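What follows is a set of notes on a single structure, which appears directly below.
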């Protein structure tokens, strides 16, 4: 039987010493286990099994020793990440500097008619027999847009017109007879009772004339309401009227007309931007698919703020243009002056469900997340309207792979262009 080899029992002061210390124990154990069994002995497999079990125990001991060492290092105030300096991320940073930029307020919305006038039937229901305009047509005031069935009303008007003529003739005859009766009453040819009777007949016939005239006027009004007329000059925005359709005063409007053809952009502006806007400021509006801008002016700023969205209304008056179709999506901007704002590379600005943000490196070389509000873009990068101060070290690359609180190493700035060794 061999004697157990001696080994040191001092506590390791570092992970490398611990590994060496346990490694010496493992080698000694192996020599001892095999030395006890002669070569060719039946007990040799059992000895090898004991050796394998011992090796497993040594591996477990190595893992425990490493964990204990890292915990002791952390307790002493040394971050574990610093134990292996090669694992610290290397990042590029840029010191944020203020740049003079043109400050503008941007918003989105849609094109709409400034005066959107619905036109329908004003009176009895009727069947549409003709439609004379299409959506997009320019119409003048009084233009016939559609016509309802008047096959009943036209004969009625004609009959009442004839009745009125007859009533007027009868009233004129009665009036003449009354005047003659008054002339001969003094001569005693007619009694006072006979004269009064002729006066009453004249009054009755005159009243009947007025009744028939009123009936004729009503019938003509009903007939006129079978003709749908444009009340103003403008552009037909929509046409819902179809031949054969039954139209009534309580149904959906048959047409919508933009009075005067005037259009505007109606948008929503962030609450914090409203203070910089004023009625009368110049505005620029862009439509999807069109490269040219449309110039206009701020006409109205909403008096209330949506409590849910924190947005206020803005309306931009635009000059009439066939390309400005109501309902089209639009982007608008209003220049409100110049300001000093940080400008950072596009790669520095990240976003998630909480909004836009950048990573900065603080004085302790740790990553800090900073929420920002983007104010626009330039060729040089993205304008930061709020959330970033001057002189802060902004991480420009690899931000998506970093975490807030992580320790990083700042890469040295690139050598000046044209510099080189001799």
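Numbering (this note's numbering), first residue to last: 1099 to 1520.
In this text, a Cβ means the ideal position worked out from N, Cα and C, and glycines have one as well.
Note that the coordinates shown come from a computational prediction; the quantities given were computed from them, not determined experimentally.
Subject >> Closest residue to residue 1307 among 1289, 1280, 1273 and 1326 (Cα-Cα distance) >> reply: 1273
Original post:
Quick one: what does DSSP say residue 1175 is sitting in, helix, strand or coil?
Top reply: For residue 1175, the predicted model reports a pLDDT of 46, less than 50, meaning its position is unreliable; a value from the coordinates is still stated below. In this structure, residue 1175 counts as coil in the three-state DSSP scheme.
**OP:** Please determine if the segment 1331-1348 and the segment 1391-1409 are in contact, where contact requires at least 3 C-beta pairs separated by less than 8 Å.
**Re:** no
Original post:
Where does residue 1475 fall in DSSP's three states?
Top reply: Strand, per DSSP.
Original post:
So residue 1258 and residue 1326 are in contact, right, with Cβ under 8 Å, and what is the actual spacing, rounded?
Top reply: About 23 Å separates the two Cβ atoms, so there is no contact after all.
**OP:** With distances taken Cα to Cα, identify the nearest neighbour of residue 1362 among 1193, 1211, 1194 and 1204.
**Re:** 1211
Original post:
From residue 1225 to residue 1247, what does the alpha carbon distance come to, in whole angstroms?
Top reply: 5 Å
Original post:
Which full runs of the beta strand (DSSP E) of 3+ residues lie inside the segment 1361-1390, going along the chain?
Top reply: 1361-1368 and 1380-1385
**OP:** Taking all protein chains shown into account, decide if residue 1476 is buried (16 or more other Cβ within 10 angstroms of its Cβ) or exposed.
**Re:** So residue 1476 counts as exposed.
Original post:
What residues in its chain sit with their C-beta under 8 Å from that of residue 1407, if we drop five residues either side in the sequence?
Top reply: 1366
Original post:
How would you label residue 1303, buried or exposed, when you count the other beta carbons within 10 angstroms and need 16 or more for buried?
Top reply: buried
Subject >> residue 1214, DSSP secondary structure in three states >> reply: It is a strand residue.
**OP:** Return yes when the C-beta of residue 1499 is under 7 Å from any heavy atom of the ligand SAH, and no when it is not.
**Re:** Although the ligand SAH was asked about, the structure shown includes no ligands whatsoever.
Original post:
How about residue 1375 and residue 1412: are their beta carbons less than 8 Å apart?
Top reply: yes
**OP:** Below 8 Å on the Cβ atoms is my guess for residue 1470 versus residue 1481; work out the distance and round it to an integer in Å.
**Re:** Not a contact, Cβ separation roughly 10 Å.
**OP:** Might you give, ordered along the chain, the residues of its own chain that have their beta carbon closer than 7 Å to the beta carbon of residue 1468, omitting 5 neighbours on each side?
**Re:** 1455, 1456, 1458, 1485 and 1486
**OP:** Counting only the same chain and skipping the five closest in sequence on each side, list residues whose C-beta sits under 6 Å from that of residue 1323.
**Re:** 1220 and 1221
Subject >> DSSP three-state assignment for residue 1509, whether helix, strand or coil >> reply: coil
Original post:
Taking C-beta to C-beta, are residue 1194 and residue 1447 nearer than 8 Å?
Top reply: no
Original post:
Who are the Cβ neighbours of residue 1360 in its own chain at under 6 Å, not counting the five residues just before and after it?
Top reply: Sequence-distant Cβ neighbours of residue 1360 in its own chain, meaning closer than 6 Å and more than five residues away, are 1212.
Original post:
How is residue 1436 classed by DSSP in three states: helix, strand or coil?
Top reply: strand
Subject >> Reduced DSSP category for residue 1276 - H, G, I as helix; E, B as strand; rest coil >> reply: helix
Subject >> Beta carbon of residue 1208 nearer than 8 Å to that of residue 1427 >> reply: yes
**OP:** Name the residue from 1354, 1511, 1335 and 1191 whose alpha carbon lies nearest to the alpha carbon of residue 1442.
**Re:** 1191
Original post:
With C-beta atoms as the reference, is residue 1430 less than 8 Å away from residue 1464?
Top reply: no
**OP:** From the DSSP output, read off the bridge partner residues of residue 1469.
**Re:** 1455
Subject >> Cutoff 8 Å; reference residue 1489; Cβ partners in own chain excluding five residues on either side >> reply: 1193, 1194 and 1195
Subject >> When 1317, 1425, 1507 and 1450 are compared against residue 1498, the one with the closest alpha-carbon >> reply: Out of 1317, 1425, 1507 and 1450, 1450 has the C-alpha closest to the C-alpha of residue 1498.
**OP:** Determine the DSSP secondary structure at residue 1442, reduced to helix, strand or coil.
**Re:** strand
**OP:** Thinking residue 1399 and residue 1410 are a contact (beta carbons under 8 Å), I'd like their distance in whole angstroms, please.
**Re:** 7 Å
Original post:
With 16 as the cutoff for other CB atoms within 10 Å, does residue 1416 come out buried or exposed?
Top reply: buried
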